[in-house]
Amino acid sequence: MVWLVLMVLHAAVAVVPFYAHESMWTALLAYYSYFGLAVQLYGWGLPAIGEFREGMLIAPVTPLGQCLIVLFWMLTHAMLAALFSCSRFVRRRLQLA
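Residue numbers (numbering that gives the first Met the number 0): 0 to 96.
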């Protein structure tokens, strides 16, 4: 059930910008969940951002940066699912006691 909730929330975050494309909040969500994380990785010394050239709006994210961003969000989802599952387990154990 926890995985289903996380999957639906993730799908909603992916679909909402198509219906609210003029909203500043959807642009901020996409920017900070992807490029903001790449900037943080670059600040830590990892080559997550490519070379910025004239005419670009933002610098490109490198393949290594993309892999690290996907890995970060996968680990975040897994930790949230484990936390939710653990809290359900503890709640059930307390009810039995």
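All C-beta atoms, glycine included, are put in the ideal place defined by N, C-alpha and C.
- As the crow flies, the alpha-carbon of Ala80 is around 43 Å from that of Glu53.
- In the displayed model, Ile68 falls within a helix according to three-state DSSP.
- Counting of Cβ neighbours within 10 angstroms places Ala26 among the exposed residues, the total staying below 16.
- Distance between Val38 and Leu74, taken at the CA atoms: about 19 Å.
- For the set Ala58, Gly64, Met55, Leu28, the Cα lying nearest the Cα of Trp43 is the one of Gly64.
- With a contact defined as Cβ atoms closer than 8 Å, Phe71 and Leu28 miss out at about 16 Å.
- Just so you know, the alpha carbons of Trp24 and Val69 end up roughly 21 Å apart.
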